[in-house]
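Right, one structure below, let's go through it.
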Amino acid sequence: MAFVEPITIKDAIDNVHKKNYLLPAIQREFVWGADQIERLFDSLMRDYPISSFLFWEVEKANIDNYQFYEFVREYHERDNTHNPKANIDGESGITAILDGQQRLTSLYVGLKGTYAYKLPRKRWDNDSAFPKRKLCLNLLAPADDGDLEYEFKFLTKKESEKADDRNFWFVVGDVLNLTEAVDVNDYLLENDVSEYGKEKFRFANKTLFKLYEVIHKNKSVNFFLERGESLDKVLNIFIRVNSGGTQLSYSDLLLSIATAQWKEKDAREEITAFVDEINAIGDGFNVNKDFVLKSCLVISGFRDIAFKVDNFNQENMLAIEKQWDEITKAIKSAIILISSLGYHRDTLTSNNALIPIAGYLYKIGSPKNFSESSKYLDDRKKIFKWLVMVLLKRTFSGQPDNVLRPIREAINASEDGFPLLEIVNKLKGGTKAISFDDDEIDNLLYYQYGRAYTYSALAFIYPSLDFRNKFHQDHIFPKKLFTRKRLEKRGIKAEDIEFYLENFNYLANLQLLDGVPNQEKSGKDFHVWIKEKYPDRNDRKAYMERHYIPDVDLTLENFRQFVEERESLLVAEFKKLLTHEIA
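If you're matching positions, the sequence shown starts at 427 in this note's numbering and goes up one per residue.
Written out as structure tokens, the structure reads:
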């Protein structure tokens, strides 16, 4: 390995663009956020070192021995995070990047690409939530952030075209068109930057000329070049250089080694494609490579399931490859099942809770119709009860391995359906016991509307619902009524108003309601709506029993008694479900 003469950022970006620089399959994917890219460009402008790079020269004769990927060019947080597989049919060898991928990708995205990240308060499935942005540099003023000197920002085209006395945005990639120093002044004059005053024109001139030098003149890309062809050596170098800084997660390392050691399948493509597939099930989930790879370790039956290098040997990797199709079938079946139980990315509070479910389905052959067939109804009830219990108890917080191992033992030993009682007994007496005492049951009442855990608490008390239908969290007494002004207008006593405002959002005022009735109910007073919806007294009584509605005056003026009575009904039902009827 030798130190080679440094090159300019322009030269490095050209090589990425021409696909002379590629990424070996052992590399992780691009993970830097927009703020990290902005900070990198600020560092370059301030002549800060950005560390050295490590390149691997692969001769044409040996290229076919390995798998390579291109750099991400148009990054999209939802739709384009994966590196495309590279075409290596050219006449010459290639240079693979062993260390520096995140920085090189950031430089390329900043100069030639785009970065689309989700806007706050917009839905994940809304395409307009991810506007395409280019990196821009403010030529009129320094950054407001005291830790930064230059103001770099990813902006949409419309945002970048707005100019005022403090902001004139230069699209950073346009510096590639400034091939001579005189082009800097020409640009400023042609865009009338002098009209902002002498001092700001001077700042703009100095700033843009500095950017020109950083990209075209400064040889800031320092790199070592490895010419060895041994994959073992390259893998060891890769692991060593990635052991500092933003450290490789164990899943990245496992994926790297699996990619190098699988014989028939491309581990990287298989795993990343599978993550995308299962995240698109139902209303969407948020699992990642960590979850899939941890599932592989657990389901494959390895004694040690920790993410550590010693477990990522060739024998284990080949065992996972051999079982890959059956493992993924089980994981997918588990996610289809919990989707049918009403869970999605916002309500599944622990992805690790899926692993024992997938392990059980793997054991019984992952039947296609598991989530629907009456044959598996009892299994589904037990799995649902177990899932709610471990989510509400936060069983998988901390070190999940200490829970996954004994649960796996109980599942492997089971001969008659999902072993809910056996798992409860296996964990009894330890710090991860999934039994509930009275205080823990009382605390369930403090889950609030819209919170992730609230769905589990509510769903638990509706065991007969078919969650494949869409159910909404509904305020029994409509939320719109609970403002101080409206309560005063209704004549609620001043000493009661605080109670109303403090309690309307908690579990005692929440129910699961089908979408259509929820829309019909809207903001109507509850006592009015229930009589309109269920004019027959017996139907009304059945509704109240189904939703744990106490037989009291249901007007808003009686909200305090309603809450107290319903809390008693809910606590009694939770105790029944969580203690007396575990088996």
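Ideal Cβ positions, reconstructed from N, Cα and C, are used throughout, including at glycine.
P889 versus R877: straight-line alpha-carbon distance, rounded: Walking along the sequence shown from the start, residue 889 turns up at place 463. Walking along the sequence shown from the start, residue 877 turns up at place 451. Their backbone Cα atoms lie some 20 Å apart in a straight line.
C-beta atoms of R653 and E483 nearer than 8 Å: Indexing the sequence shown from 1 puts residue 653 at position 227. Indexing the sequence shown from 1 puts residue 483 at position 57. Yes, they are a contact pair.
A542 - DSSP class collapsed to helix/strand/coil: Here residue 542 refers to the residue found at position 116 when the sequence shown is read from its first residue. If DSSP states are grouped into helix, strand and coil, A542 belongs with the strands.
Three or more C-beta pairs below 8 Å linking the segment 829-836 and the segment 773-784: yes
Distance, K560 Cα to I379 Cα: Examination of residue 379 is not possible in this model, given that the chain is present from 427 through 1009 alone.
E577 in three-state terms, based on DSSP: Here residue 577 refers to the residue found at position 151 of the sequence shown. E577 falls in the coil class under three-state DSSP.
Burial state of S792, where buried means 16 or more other Cβ atoms lie within 10 Å: By one-based count along the sequence shown, residue 792 stands at place 366. Counting Cβ neighbours within 10 Å, S792 comes out buried, since at least 16 surround it.
Q527 versus Q740: straight-line alpha-carbon distance, rounded: Walking along the sequence shown from the start, residue 527 turns up at place 101. Walking along the sequence shown from the start, residue 740 turns up at place 314. C-alpha separation (whole angstroms): 26 Å.
Close beta carbons around Q687, own chain, < 6 Å, minus the five adjacent residues each side: Numbered from its first residue, the sequence shown carries residue 687 at position 261. Closer than 6 Å at the Cβ level, and outside the excluded window around Q687, lie Q740 and M743.
Same chain only: Cβ atoms within 6 Å of K858, ignoring 5 sequence neighbours per side: Position 432 of the sequence shown, counting from 1, holds the residue named residue 858. T821 and V829, listed in sequence order.
F711 versus D551, K436, V997 and Y495, residue with shortest Cα-Cα distance: Numbered from 1 along the sequence shown, position 285 holds the residue referred to as residue 711. That would be D551, whose Cα lies nearest to the Cα of F711.
Start and end residues, alpha helix (DSSP H) containing Q740: Your numbering for residue 740 matches position 314 in the sequence shown. Where Q740 is concerned, the enclosing alpha helix (DSSP H) stretches over Q740 to S766.
Helix, strand or coil at L891 [DSSP, three-state]: Taking the sequence shown and counting its residues from 1, one reaches residue 891 at position 465. Of the three classes helix, strand and coil, the one that applies to L891 here is coil, per DSSP.
M970 versus D772 - alpha carbon distance: Translated into the one-based positions of the sequence shown, residue 970 becomes position 544. Translated into the one-based positions of the sequence shown, residue 772 becomes position 346. So the two alpha carbons sit approximately 28 Å from each other.
In chain order, each alpha helix (DSSP H) run of at least 4 residues that lies wholly inside the segment 875-956: 878-886, 910-915, 920-929 and 941-947
Distance, L871 Cα to P976 Cα: By one-based count along the sequence shown, residue 976 stands at place 550. By one-based count along the sequence shown, residue 871 stands at place 445. Going from the Cα of P976 to the Cα of L871 covers about 16 Å.
Residue from K544, R472, N603 and K588 whose Cα sits closest to the Cα of A569: Walking along the sequence shown from the start, residue 569 turns up at place 143. For the residues K544, R472, N603 and K588, the minimum Cα distance to A569 belongs to R472.
For Y501, the first and last residue of its enclosing beta strand (DSSP E): Locating residue 501 in the sequence shown gives position 75, counting from the first residue. Here the beta strand (DSSP E) through Y501 covers E500 to H502.
Separation of L602 from L537, as counted between CA atoms: The residue given as residue 537 occupies position 111 in the sequence shown. The residue given as residue 602 occupies position 176 in the sequence shown. Going from the Cα of L537 to the Cα of L602 covers about 8 Å.
Nearest-angstrom beta carbon gap, L634 and L614 [assumed within contact, 8 Å]: Walking along the sequence shown from the start, residue 614 turns up at place 188. Walking along the sequence shown from the start, residue 634 turns up at place 208. 7 Å between Cβ atoms; contact.
Which of helix, strand or coil DSSP assigns to T773: Position 347 of the sequence shown, counting from 1, holds the residue named residue 773. Looking at T773 - three-state DSSP - the assignment turns out to be coil, as it is neither helix nor strand.
8 Å Cβ cutoff met for L565 and F594: In the sequence shown, the residue the question calls residue 565 occupies position 139. In the sequence shown, the residue the question calls residue 594 occupies position 168. Yes, the pair counts as a contact, with Cβ atoms nearer than the cut-off.
Same chain, Cβ closer than 6 Å to I463, neighbours up to 5 away in sequence not counted: To locate residue 463, count along the sequence shown from 1; it is residue 37. Here the set comprises S532 and G536.
Closest by C-alpha distance to Y873, when choosing among N935, F844, G824 and L448: Taking the sequence shown and counting its residues from 1, one reaches residue 873 at position 447. The residue with the shortest Cα to Cα distance from Y873 is N935.
Distance between R992 and A968 (C-alpha atoms, nearest Å): Here residue 968 refers to the residue found at position 542 when the sequence shown is read from its first residue. Here residue 992 refers to the residue found at position 566 when the sequence shown is read from its first residue. In a straight line, the C-alpha of A968 is about 16 Å away from that of R992.
For L1004, three-class secondary structure by DSSP: Working through the sequence shown from its first residue, we reach residue 1004 at position 578. Residue state, collapsed to three classes: helix.
CB of Y474 within 8 Å of CB of E503, strictly: The residue you call residue 474 lines up with position 48 of the sequence shown. The residue you call residue 503 lines up with position 77 of the sequence shown. Not in contact: Y474 and E503 (Cβ atoms no closer than 8 Å).
C-alpha gap between G768 and N895, whole angstroms: To locate residue 768, count along the sequence shown from 1; it is residue 342. To locate residue 895, count along the sequence shown from 1; it is residue 469. Rounded to whole angstroms, G768 to N895 spans 8 Å at the Cα level.
N714, DSSP secondary structure in three states: Within the sequence shown, numbered from 1, the residue matching residue 714 stands at position 288. N714: coil per DSSP, three-state reduction.
E496 beta carbon less than 8 Å from that of N509: Translated into the one-based positions of the sequence shown, residue 509 becomes position 83. Translated into the one-based positions of the sequence shown, residue 496 becomes position 70. Yes; because the gap between Cβ atoms is below 8 Å, this pair is in contact.
Environment of A998 [buried if 16+ CB atoms lie within 10 Å]: Position 572 of the sequence shown, counted from the first residue, corresponds to residue 998. With fewer than 16 Cβ atoms within 10 Å of its Cβ, A998 is classed as exposed.
Contacts around F952, its chain only, beta-carbon distance under 6 Å, and the 5 residues preceding and following it disregarded: Along the sequence shown, one-based indexing puts residue 952 at 526. So the list reads I902, F903 and L980, once near-sequence residues are dropped.
Proximity below 8 Å, CB of F897 to CB of L938: As a position in the sequence shown, residue 897 is number 471, starting the count at 1. As a position in the sequence shown, residue 938 is number 512, starting the count at 1. Cβ atoms of F897 and L938: closer than 8 Å.
Own chain partners of I476 with C-beta closer than 7 Å, once the 5 adjacent residues on each side are dropped: For the purposes of this step, residue 476 is identified with residue 50 of the sequence shown, where counting begins at 1. Closer than 7 Å at Cβ, skipping near neighbours: L466, S469, L470, R529 and S646.
Backbone CA spacing between R806 and L787 [nearest angstrom]: Within the sequence shown, numbered from 1, the residue matching residue 806 stands at position 380. Within the sequence shown, numbered from 1, the residue matching residue 787 stands at position 361. Going by the C-alpha atoms only, they are around 11 Å apart.
Proximity below 8 Å, CB of V640 to CB of F627: Your numbering for residue 640 matches position 214 in the sequence shown. Your numbering for residue 627 matches position 201 in the sequence shown. No.
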